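Asker: So that we are looking at the same thing, I have put the structure below in C-alpha cells.
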Amino acid sequence: MAGKRKQVAAQHTTPAKGAKPFVRSAVVLPGEDGSDKRLSWRFCHVDRDGPWSFDKVDAGTMHEVLDKLAHFETMTVNEIFNHGEEPGKHYDVADLPNPTSRERLAELHLTDMTKISRLRLGGTLRLYGFLQGNCFHIIWWDPDHEIWPSHKRNT
834 MAGKRKQVAA
844 QHTTPAKGAK
854 PFVRSAVVLP
864 GEDGSDKRLS
874 WRFCHVDRDG
884 PWSFDKVDAG
894 TMHEVLDKLA
904 HFETMTVNEI
914 FNHGEEPGKH
924 YDVADLPNPT
934 SRERLAELHL
944 TDMTKISRLR
954 LGGTLRLYGF
964 LQGNCFHIIW
974 WDPDHEIWPS
984 HKRNT
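Going by the working numbering, the first residue of the sequence shown is number 834, and it counts up by one from there.
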C-alpha cells in the first residue's frame with residue numbers, strides 16, 4: 834500500500850454550550866478597500882550589481898526612501914503618474930539618454946520592457962522601475978540623476 838493515502842472525512846464539531854463561535858475579525862487594514870488602485874511595490878527585479886544598486890545607500894537615506902515609499906502607498910497610480918511630471922513619469926526605454934541604462938536592462942534580461950517609470954523622491958533622488966497595474970517593480974536607485982539627466986538646476 835505504499836504511495837496510497839487513507840482519506841479521512843472532514844469532521845465538523847459544534848461549539849460547546851456557552852462557547853462563542855469563531856468569528857473572523859471585521860478589522861480592515863488601512864487603505865485595503867482601495868488597495869487595487871493604490872501603488873504597491875515589488876523588489877524581485879532590483880539590480881543588485883549595477884551602477885544604480887542600493888548597496889551604497891546609507892541607513893539615513895534608506896530610512897528616507899522607505900518613508901517616501903510609505904507615503905506613495907497612500908496614493909493611487911493616477912495621483913502619482915497622471916499629472917505629467919511629478920512625482921511619477923513614464924519614459925520609452927528606447928529613449929533613455931544614458932546608454933549604460935539600456936545595456937544594464939539587457940544584462941538583467943529585461944529587454945522586453947518598452948516603458949520604464951520613475952518616481953522623484955526629491956532633489957535629484959529617483960527610483961526607476963516598471964509599472965504593471967498598480968505594482969511598481971523597483972529596478973534602480975538613482976541618487977545623482979544619471980539615468981535621465983536633467984538640464985534644470987537642482988534636479
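Idealized CB from N, CA, C, for every residue including glycine.
It should be emphasised that the depicted structure is a prediction, and the values quoted were computed from it without experimental measurement.
Could you spell out the range, first to last residue, of the beta strand (DSSP E) harbouring LEU958?
Answerer: As a working mapping, residue 958 is identified with position 125 in the sequence shown. 958-965 is the span of the beta strand (DSSP E), which, as asked, contains LEU958.
Asker: Please list, in chain order, all residues of the same chain as HIS970 whose beta carbon is under 6 Å from its beta carbon, the five residues on each side excluded.
Answerer: One-based indexing of the sequence shown puts residue 970 at position 137. Cβ neighbours of HIS970 beyond the five flanking positions: ARG875, HIS878, GLY962 and PHE963.
Asker: Can THR933 and LYS870 be called in contact, C-beta distance under 7 Å?
Answerer: Your numbering for residue 933 matches position 100 in the sequence shown. Your numbering for residue 870 matches position 37 in the sequence shown. Taking 7 Å as the Cβ cut-off, THR933 and LYS870 do not qualify as a contacting pair.
Asker: For LYS948, list the residues DSSP reports as bridge partners.
Answerer: On the sequence shown, residue 948 is found 115 positions in, with the first residue counted as 1. Answer by DSSP bridge pairing, in chain order: ASP925.
Asker: Based on the DSSP secondary-structure assignment, which residues constitute the bridge partners of TRP874?
Answerer: Numbered from its first residue, the sequence shown carries residue 874 at position 41. Beta-bridge pairing links TRP874 to PHE969.
Asker: In its own chain, which residues sit with a C-beta less than 6 Å from the C-beta of LEU929, not counting the 5 before and 5 after it?
Answerer: On the sequence shown, position 96 is the one that residue 929 refers to. Contacts found: ARG935.
Asker: If you follow the alpha helix (DSSP H) that GLY893 is part of, which residue opens it and which one closes it?
Answerer: In the sequence shown, counting from the first residue as 1, residue 893 sits at position 60. Start and end: 892-905.
Asker: Got a sec, what are the start and stop residues for the alpha helix (DSSP H) PRO932 sits in?
Answerer: Here residue 932 is taken as the residue at index 99 of the sequence shown, counted from 1. It spans 932-940 - the alpha helix (DSSP H) in which PRO932 sits, taken as one unbroken run.
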